[in-house]
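Reviewing the structure listed below.
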Amino acid sequence: MYKQLTIMSGKGGTGKTTLTASFCRLAQGRIVIVDADVDAANLHILLEHKIEKSEEFIGGAIAYIDPEQCTGCGECFQRCQFDAIRALNGKYIVSERECEGCGVCELVCPVDAVTVKKESVGKLFHSITPYGRFFHAQLYPGGESSGQVVTLLRERAEDAAVAEHKELILIDGPPGIGCAAVASLTGVTKVLVVAEPTVSGWHDMLRAISLADFFRVGICVCVNRADINPELTSQIEQFCRENQYQFLGTIPQDDSVIKAQLKAQSVLDVYPDSPASRAIENIFNAVIQEL
Ligand code: SF4
Ligand code: SF4
């Protein structure tokens, strides 16, 4: 049976995706990979991959009012429970942002001016990489339903892990604590929180940990660019020890990470003997022990 590891952070820019790409190399052949950061997907930039298949993702339903047919009676406006309908120049329009697709307006409209439509909000990709199968997505501008997209990507990855007898599903989680973050950590074996030793990084780490705690997922922590603030790094380590979160180590500030990113590769691909690569390898070995 496969295990699942989600790498997450309270915000973007902590080096989460760099770490995931390096882990892919270290776990080569044993993994299925998911980019769950669907609102700002970028793992595909660091992973050599070939798209084998794509599928449209049909999101939630949204109502549309035909202005030619609308008589402006206001019945739909009165009955919408989500305040999604607005008056405009004697007619009515739907705010896509608020519409929940319940269909009440379509039912009550006396002149059939309303249609509730389901629309494609993005594409799911099934790719192959030198490390394992890779499931990722691209949401169209304004595309909602990121939590549902992550759930679907994870289902595809789970099917692939079973079919190919893989040991691990490696999930590059989204930053923050929104729907996509929730969908990327429910039911996983462990979460690895990548923290940054700054004041905002400290608070972001606490938010990510609270979310994982709420869903009762085992938590490991590492600190990226640890040497930019050794005092705060020590504080994070102590906090983990006191609260029984596994502190797996630190990654130093290292120019080789940026140089590798400029070549669209992970630091382990280009500079395997760099200080950052050695630290990432140690953290990888530690997290595998924890799974
Ligand atoms: S119920 Fe139909 S006709 Fe009346 S305002 Fe709404 S869309 Fe227009
Ligand atoms: S589908 Fe439901 S939520 Fe959307 S506008 Fe119509 S009544 Fe409001």
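The sequence shown begins at 2 in my numbering and counts up by one.
All C-beta atoms, glycine included, are put in the ideal place defined by N, C-alpha and C.
7 Å Cβ cutoff met for residue i and residue j
i	j	result
V109	E76	yes
T190	L27	no
P175	A164	no
V117	A62	yes
S10	V195	yes
L249	P198	no
L125	F58	yes
D173	A114	no
A85	V95	yes
P273	P253	no
K167	Y3	yes
Three-state secondary structure assigned by DSSP to residue i
i	result
N286	helix
E97	coil
G202	helix
V189	coil
G148	helix
A64	strand
K17	helix
I237	helix
L108	helix
K119	strand
S275	coil
D173	strand
K167	coil
V39	helix
Distance between beta carbons of residue j and residue i, contact taken as under 8 Å
i	j	result
V33	A162	5 Å
E53	S147	Rounded, the Cβ-Cβ distance is 23 Å, inconsistent with contact.
V268	T19	7 Å
D36	L44	4 Å
R208	I178	5 Å
F83	E97	Not really, about 12 Å apart at Cβ, beyond 8 Å.
L193	I8	5 Å
Contact with chain B by residue i, beta-carbon distance below 7 Å
i	result
R217	Among the chains in the structure shown there is no chain B, since it carries only a single protein chain.
Alpha-carbon to alpha-carbon, residue j and residue i
i	j	result
A265	V271	10 Å
Y93	C106	11 Å
L6	L169	7 Å
V222	P142	33 Å
T152	S185	7 Å
D214	Y246	10 Å
Q139	E120	15 Å
Q323	C71	The structure shown does not extend to residue 323, since the chain spans only 2 to 292, so no value can be given for it.
A280	Q290	16 Å
I284	T251	8 Å
Q239	G104	53 Å
D255	E56	39 Å
H50	G16	21 Å
G73	G60	29 Å
E101	L212	25 Å
F136	D38	11 Å
Q236	V150	36 Å
V258	S278	8 Å
F24	I220	17 Å
G13	C241	21 Å
A227	G202	11 Å
E282	C180	31 Å
I210	C81	38 Å
G133	H204	34 Å
M206	N230	15 Å
Kindly provide the chain-ordered list of residues whose Cβ lies closer than 6 Å to any non-hydrogen atom of ligand 2. A64, C81, F83, A85, I86, V95, C100, E101, G102, C103, G104, V105, C106, V117
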